[in-house]
Amino acid sequence: MEFNIVPISSSTGAEISGINLGDTLSDDDYHKIREALCRWGVLFFRNQNITPDQHLKLGKRFGDLHVSKTISKVPGHPLVGEVRKEPDQTRNIGGNWHSDHSFAAVPPMGSILVARELPNKGGDTLFANMSSAYEKLSSGMKKTLAALSAIHAKKNALQAKNLSADRQVSEDELKSLERAVTEQFIHPVVAKHPETGREILYINPTYTVRFDGWTEEESKPLLSFLYDQAVSPENTCRFQWDEGSIVFWDNRMIWHYAVNDYHGKRRVLHRVSVKGSRVSA
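Take the sequence shown: its letters are residues 26 to 306, numbered as in this note's numbering.
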């Protein structure tokens, strides 16, 4: 199938039209989408009214599925996560710059998010390209970072309690959440994309605690500098959702940030994530 790929910025994000993701992807379409994902980091598809079963089928086309321990599931579909904020809730899911599950030994390769119910305004998602961010650093900084690893942890030990304060959770789910917040792993600060070979700045403000062998206090100034560089306008893009929109991002090289500016309104999205591989330099 011939479809259009239109970049929305010079470094990050492309919108794809002329394809129905509810249909079975041909090998040619699969390879074109995967190539575009690795090039632009995040892909946007509009007017895709797929069912949860079609959503799962699409995710499985790109690999085995990664199932989060901490996200709610769609009733009747235990492999489909639900990202939901109700009108009476004040906190949202993903309301800070992050890379999904970087605290795990094997973070997911990517996620496919489908918009199911949206507020009439607000609720956009921001994306930042960590390959582009790395490329803009000086040679001296790159040399310094190449020698470093960083500790990533689900360090907010109150997350389980915060989630339970905003919605009803079962005792078993709360225990699972509390276990999950103890997870941590050490990854290289400069990682290599397993498909393109491009170097990636592999840290993020939500889960990176400190550099290995450094204290948090010692790490903070350099991490703060890198975070500021990472979210400079030329490294980022912003997506305004419509119901039926699908976003597929490469979690190995993309941060994302869910904007929490729609208080008093409901927002529901479904997520399927694809398993990744170990982060390596």
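The C-beta atom is built at its ideal place from N, Cα and C for all residues, glycine as well.
Could you check the C-alpha separation between residue 269 and residue 172 for me, to the nearest Å? 44 Å
Which same chain residues end up closer than 7 Å to residue 260 when comparing Cβ atoms and leaving out the 5 residues on each side of it in sequence? 36, 37, 153, 154, 157, 158
C-alpha gap between residue 32 and residue 279, whole angstroms: 15 Å
Helix or strand or just coil, what does DSSP make of residue 173? coil
In three-state terms, what does DSSP make of residue 188? Interpretation of residue 188 is limited by its pLDDT of 46, a score under 50 that renders its predicted location unreliable; no figure is taken from the coordinates.
Quick check: what's the CA-CA separation for residue 275 versus residue 240? 30 Å
Is DSSP giving residue 58 helix, strand or coil here? helix
Straight-line CA distance for residue 151 to residue 262? 6 Å
6 Å Cβ shell around residue 256 - same chain, five flanking residues per side excluded: 153
Is the beta carbon of residue 80 less than 8 Å from the beta carbon of residue 105? yes
Cβ distance (whole Å) where residue 249 is taken to contact residue 235 below 8 Å: At roughly 12 Å, the Cβ-Cβ gap does not stay under 8 Å, so residue 249 and residue 235 are not in contact.
My output table needs one value for residue 183: the three-state DSSP class, helix, strand or coil. Note that residue 183 scores a pLDDT of 41, beneath 50, so its modelled location is shaky; the value from the coordinates is reported in the next line. Residue 183: coil per DSSP, three-state reduction.
Among the candidates 293, 301, 286, whose CA atom is the shortest distance from the CA of residue 115? 286
Relative to the C-alpha of residue 289, which candidate in 110, 46, 265 has its C-alpha closest? 110
Sorted by chain position, which residues of the same chain lie with C-beta nearer than 8 Å to residue 291's C-beta, five sequence neighbours on each side aside? Annotation for residue 291: 109, 110, 111, 112, 142, 144 place their beta carbon closer than 8 Å to its own, counting only its chain and skipping 5 residues before and after.
Cβ pair residue 277, residue 138 closer than 8 Å: no
What residue range does the beta strand (DSSP E) around residue 281 cover? Note, residue 281: beta strand (DSSP E), 279-283.
Looking only at its own chain, which residues have a Cβ that is under 6 Å from the Cβ of residue 191, when we skip the five neighbours before and after it? Confidence in residue 191 is poor, its pLDDT being 47 and thus under 50, which makes the residue's placement unreliable; the coordinate value appears in the next sentence. Hits under 6 Å: 114, 116.
C-alpha distance - residue 184 paired with residue 121, whole-angstrom precision: Residue placement at residue 184 is flagged as unreliable, the pLDDT there being 49, under the threshold of 50; the coordinate-derived value follows with that caveat. Going by the C-alpha atoms only, they are around 13 Å apart.
Chain C within 8 Å of residue 272, Cβ atoms only: Looking for chain C here will not work: only one protein chain is present.
Between the Cα of residue 209 and the Cα atoms of 178, 229, 219, which residue gives the shortest distance? 178
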